[in-house]
Amino acid sequence: MMILNDEQRMLRDTIADFLAKESPVDALRALRDQEPELAWEPSLWSGLCELGAPAVASSEAEGGLGFGQVGMGALILETGRTLCASPLLSSAIHAQAVIRHCGSPAQIERRLPGLLSGDTVASVAIQEGSQFRPAPRGTRRNGNTLSGDKSLVMDAGAADYLLVSALDEAAQFCIAVVHLNTPGLTIQSQRLMDGRQYGSVSLEIVEVEEWLEGEAVEQGFTRALDEATIMLCCEMLGASRELLDRTVAYLQEREQFDVKVGTFQALQHRLATAYCELELAAASVFNALLAMDKGETVLSEHASRAKALVGDILQHLSNEAVQMHGGMGVTDEMDIGLFLKRSRTCNQLFGNSAFHRNRFATLRGF
Amino acid sequence: MSDMDSFRLETRAWLEAHCPVSQRQPIVREEQIWAGSRSTFPSEDARQWFEAMRDRGWTAPTWPTELGGGGLSSEEARILEQEMARLQCRPPLYDMGLWMLGPALLTYGTPGQKALHIPRIVRGEVRWAQGYSDPGAGSDLASLSTRAIDQGDHFVVSGTKIWTTRADVADWIFCLVRTDPDASKREGISFLLIDMASEGVSTRPIPLISGESEFCQTFFDEVQVPRDNLVGELNGGWEVAKELLKHERKLMATMEVITEKVDVGLVDLAKSRLELSDAGEIADGDLRSRIATHLMHADALHHLNETIYRGMKAGQLDPALPLTLKYIGTTEQQRKDELMLEILGTDGLAMTGTDSVEQERMVRNWAYNKAHTIAGGTSEIQLNIIARRGLGLPE
Ligand SMILES: Cc1cc2nc3c(=O)[nH]c(=O)nc-3n(C[C@H](O)[C@H](O)[C@H](O)COP(=O)(O)OP(=O)(O)OC[C@H]3O[C@@H](n4cnc5c(N)ncnc54)[C@H](O)[C@@H]3O)c2cc1C
Chain W
1095 MMILNDEQRM LRDTIADFLA KESPVDALRA LRDQEPELAW EPSLWSGLCE LGAPAVASSE
1155 AEGGLGFGQV GMGALILETG RTLCASPLLS SAIHAQAVIR HCGSPAQIER RLPGLLSGDT
1215 VASVAIQEGS QFRPAPRGTR RNGNTLSGDK SLVMDAGAAD YLLVSALDEA AQFCIAVVHL
1275 NTPGLTIQSQ RLMDGRQYGS VSLEIVEVEE WLEGEAVEQG FTRALDEATI MLCCEMLGAS
1335 RELLDRTVAY LQEREQFDVK VGTFQALQHR LATAYCELEL AAASVFNALL AMDKGETVLS
1395 EHASRAKALV GDILQHLSNE AVQMHGGMGV TDEMDIGLFL KRSRTCNQLF GNSAFHRNRF
1455 ATLRGF
Chain V
35 MSDMDSFRLE TRAWLEAHCP VSQRQPIVRE EQIWAGSRST FPSEDARQWF EAMRDRGWTA
95 PTWPTELGGG GLSSEEARIL EQEMARLQCR PPLYDMGLWM LGPALLTYGT PGQKALHIPR
155 IVRGEVRWAQ GYSDPGAGSD LASLSTRAID QGDHFVVSGT KIWTTRADVA DWIFCLVRTD
215 PDASKREGIS FLLIDMASEG VSTRPIPLIS GESEFCQTFF DEVQVPRDNL VGELNGGWEV
275 AKELLKHERK LMATMEVITE KVDVGLVDLA KSRLELSDAG EIADGDLRSR IATHLMHADA
335 LHHLNETIYR GMKAGQLDPA LPLTLKYIGT TEQQRKDELM LEILGTDGLA MTGTDSVEQE
395 RMVRNWAYNK AHTIAGGTSE IQLNIIARRG LGLPE
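Going down the list, the protein sequences come from chains W and V.
Last residue of the first sequence: number 1460 in our numbering, and the count goes up by one each step with no gaps.
Last residue of the second sequence: number 429 in our numbering, and the count goes up by one each step with no gaps.
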C-alpha cells in the first residue's frame, strides 16, 4: 500500500471515479476490437488531460500540479486496476522525463508545456530487437540524419514526435527528436496481446529536427528510464492488486463440494503468500517514489529492485488468478485474461525481472 | 529545530558518550545481556552499557516513567532505535518479560501487578519464560491441558509445558492454564504468573539440532500459585494470550533482535569464497541471481516496515499489512541462511572442530533459525491468519 497525504488521496479518489466511468476494463475491450486501430480513445485522453493528469507530478514552478511522484504513482496505480490505455506512461511520464533531464533550458521551455498539457504526445524509442537493452547499438547519427531500427515503441504511430536514443559518429550517446511525418521514417503499428499499440520504427537517413546532446544526456536518459520504470511498476501493482481482489472475491462466491472453494487451505496459502510478496514489492515501489520526491537523482537500484519484484509477483498472480478461476479463467469473457496479457507486456517493457536482477547485482558490486 | 530534531541530536550525543565501543558491534549470542538473577555480564563494558540504558529507562523506552520505563512517545522511541542502529549499539537487555509479558501486563495487569513486575523487568532483575505450549497443544494452543484448580486464595497447578525457552535459568514463568475444563476450548483458559522457585516446579533441557539446548520441558506438580498472580479475568486468559502473541510476532519479524547478526555480509562472503568473472561478478549466474533476489527482499522488508510505520502515523494502515511480517521475516532469514551454507560449500558441513569461529556460527545459525518459522505460531498458522483475517477468505 502507499501512504498518501490528503491532497494525494483526493487526487487518487478523483481519478478512480473518473476511470470507473470513462475507462472500465470494458473500454479496453472496445479499443482492442476497434477498426481503424487507435492507440487510445481520444475522448478518454482529453478527459485525463482536463483533469491535469499529465502534469500531476510536475512542480508548480514548472507549471504542473505539484502532487509529487507519490501522487503520480497513486494515479498510475489506479490506471493499472482498470487496464486504462492512454499515453500517460509513454508521453506524460517517460517523454516528459527525457526532456526534463536531457534537454537544454531552451528545449525544456519549448517542449515541456505541450507534454504537460497533453496537447502534444511524444514517445521514447529505446529498444532494438526483441530483447531489452537500454544502450543503443544499431541506431546511428550521421551529420543531421539518423538511421536504425527501434522496436516496442509505445503508442508510436499516434505520437507527434519520437525521442530516439542513438550513438553519434564518435559513438557518444545522443537523443534525436524526430517528427512523425519526416521522410525516411516508417512506423509499423501493431496491437500486441495487451490490446495496446506499439510501433516498430525504421529510420533511413531521417532528417532530425533537433538533438538532445551533451555530457549529461546519457545520465539524464538513464534517470528518465528509471523514473518511467518505477511508474510502470505502479501500474503493475494496480494490476496485481486487482487480480488478487478479483480472485479473492471469486473464491468467496464459488462453491464446490458443498463449500466455498475459498475454504480450501491449499488455495488460501497460495493467495496469502502472494499477498505477502505483493506487499513487499509495493513497499519497494513506494520507497522508490519517496526517493524521487526527496530529490534523489540516482534511481537505478530503486528501479531495478522494484521492477524485478513487481514483475515476479504480477506474473505469478496473473497465473494464479487464471488457475483459481477454473475454466472461467481461460475464457475471453472473463477480464482475468486481459490482465494476464497486460502482465506479460509490462514484464517486457523496460526490461524483465531477469534483466533487472542482473542489473541490481552489478550495481551492488557482485 | 523541531522537538524531534533536538531529541535526535541529544540522543545521538548521549549514546556516543555512553555506549562503549565494544558494544557497537553486531551482537553474537555469547555476548547477549540476559535478564535474571542467574545472569552474568559477558564483559565490564556490557555491564556499563546495560546500566546506563537501564538508568534512563531505555531498556523499555516507551513504558511509563513511574514504572521505571523511558516514557518516550512512539516517535521518540523510533528515533532512539534509529540512532542506536546508526551507531550499531547492541540491544542493552534480552528478556521475554521485556518483549512480551511487559506490554501485555501494561494492558491487562492490576496496578499491584504492574508495580511489582514492571520495574523489575525494566531493570533486568528477573528473567521470564513463556509457558504456552503443552506437549499436546502447539499450533492448536487453545487445546492446552495444564490444569489450575481454583482454591480461593490460590490455584493448584499440575501438568507440563514444553519448548519453554530457557526455563532452566528463568526466575518466573507466565503460563496459560486450564481453569474450566467444561467450558469451550478458549473460554476455560487463564493467564498465571508463576515463580519458578515455587515448590513442585522442575525443568528438563531438550537438545536441539543446532547443538544447543535452549528449550526445556517444564513440569508442575501441584504447585501453589497465589490468586494475586492471575492476569486478566478468571477464564479470560485467551484474550491476554493473544495480546501477548502480537508482541511476540512483531518481535520475530524484526529478526535482528533475536538472531545474531552475522558480521560477514552475504555478498562479502560470496565474493571471498566463490569464483568471480573478470568483471568481478559471481560467476555462478544462478547463485548470483538468488543472492540478488534475497537482497531485494531484505530491502523490501525494511521498506515494508517503514510503510507500516508511516501508515500507522497517518492513521491509514491496512490492518492486514502487519500480519505479513512474521512470515516474511522468518522465511527470508532462512533463505539467507541457506545461501550462506551453500556458499560455504563443504566447509559448511562442519558444525564444530574448525578453526573459524565465524564459520561455525553461520552453520549453527542455519540450524538454529529453522526454529523461527515454528516458534510463535508456525508459518502455516501465519498464512491461515493472513488468508482469513487479512484477505477475508472464508473459514
Ligand atoms: C525456537 C522455539 C522457541 C519456542 N519457545 C517457546 C516458549 O518459550 N514457550 C512456549 O510455550 N512455546 C514455545 N515454542 C513452541 C511453539 O509455540 C510451538 O512449537 C508452535 O506453536 C508449533 O507447535 P508444535 O510444535 O506443537 O507443532 P504442531 O502444531 O504439531 O505443528 C506440526 C505441523 O503442522 C502444521 N499445522 C498445525 N496446524 C495447522 C493448521 N491449522 N493448518 C496448517 N498447518 C497446520 C504446523 O504448521 C506444522 O508444520 C517454541 C518453539 C520454538 C521452535
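Think of the CB as a built atom: it goes at the ideal place given N, C-alpha and C, for glycine as much as any other residue.
Check, Outcome
"The stretch 325-339 of chain V touching the stretch 266-285 of chain V, judged by at least three CB pairs closer than 8 Å", "no"
"Close beta carbons around W:Gly1141, own chain, < 7 Å, minus the five adjacent residues each side", "Phe1112, Glu1116"
"Beta carbon of W:Leu1286 nearer than 8 Å to that of W:Thr1176", "no"
"V:Gly158, DSSP secondary structure in three states", "coil"
"Below-8 Å beta-carbon distance, W:Lys1244 vs any chain V residue", "no"
"Continuous beta strand (DSSP E) stretch holding V:Ile240: start and end", "235-240"
"Of the residues V:Asp262, V:Gly222, V:Leu227, V:Gly193, the one placed nearest V:Glu256, counting alpha carbons only", "V:Gly193"
"Ligand 1 heavy atom lying under 7 Å from the CB of V:Phe249", "yes"
"Under 8 Å between C-beta atoms of W:Leu1338 and W:Ala1368", "yes"
"From W:Leu1125, W:Ile1170, W:Gln1282, W:Asp1120, residue whose alpha carbon lies closest to that of W:Ile1109", "W:Ile1170"
"CA-to-CA distance, W:Leu1183 to W:Gly1420, given in whole angstroms", "33 Å"
"Contact with chain V by W:Arg1106, beta-carbon distance below 8 Å", "no"
"7 Å CB neighbourhood of V:Ser107 in its chain, flanking five on each side removed", "none"
"Straight-line gap, W:Arg1290 to W:His1195 (C-alpha atoms, nearest Å)", "27 Å"
"Own chain partners of V:Ala275 with C-beta closer than 8 Å, once the 5 adjacent residues on each side are dropped", "Tyr166, Leu175, Leu210, Ile223, Phe225"
"Integer Cβ distance of V:Leu121 from V:Glu50, believed to fall under 8 Å", "7 Å"
"Own chain residues within Cβ distance below 6 Å of W:Ser1137, not counting five before or after", "none"
"When V:Glu115, V:Asp229, V:Asn399 are compared against V:Ile243, the one with the closest alpha-carbon", "V:Asn399"
"Closer than 7 Å: V:Ile408 CB and nearest ligand 1 heavy atom", "yes"
"CA nearest to the CA of V:Trp97, picked from V:Pro137, V:Ser173, V:Arg220", "V:Pro137"
"6 Å Cβ shell around V:Ile196 - same chain, five flanking residues per side excluded", "Ser167, Pro169, Gln251"
"Beta-carbon spacing of W:Ser1259, W:Ala1219 below 8 Å", "yes"
"Cβ-heavy atom distance, V:Thr133 to ligand 1, below 7 Å", "In the sequence under discussion, the amino acid at residue 133 of chain V is Trp, which differs from the Thr named in the question. No, Cβ of V:Trp133 sits at least 7 Å from all heavy atoms of ligand 1."
"is_contact[W:Arg1335, chain V] using C-beta, thresh 8 Å", "no"
"For W:His1363 and W:Glu1347, the rounded distance between their alpha carbons", "18 Å"
"Chain-ordered chain W contacts of V:Arg423 [CB-CB under 9 Å]", "Ordered by position in chain W, no residue passes the 9 Å Cβ test against V:Arg423, which lies about 10 Å from the chain."
"Three or more C-beta pairs below 8 Å linking the stretch 1258-1272 of chain W and the stretch 1230-1246 of chain W", "yes"
"Segment contact, 8 Å Cβ cut-off, at least three pairs: the stretch 345-364 of chain V with the stretch 1382-1402 of chain W", "no"
"8 Å contact criterion, which W:Asp1249 and W:Val1272 should meet: CB distance rounded", "Not confirmed; about 15 Å, so no contact."
"Cβ neighbour criterion (16 or more within 10 Å) applied to V:Thr213", "buried"
"Test: W:Ser1378 CB closer than 8 Å to a CB of chain V", "yes"
"Residues in the stretch 75-89 of chain V having any Cβ partner in chain W nearer than 7 Å", "none"
"Neighbouring residues, chain W, relative to V:Pro428 (Cβ below 7 Å)", "Gln1346, Lys1354, Gly1356, Thr1357"
"V:Ser36, DSSP secondary structure in three states", "coil"
"Chain-order list of residues whose beta-carbon lies under 6 Å from that of W:Ala1149 (same chain, five-residue window excluded)", "Gly1158, Leu1159, Leu1210"
"Short CB-CB distance (under 8 Å) between V:Ser323 and chain W", "yes"
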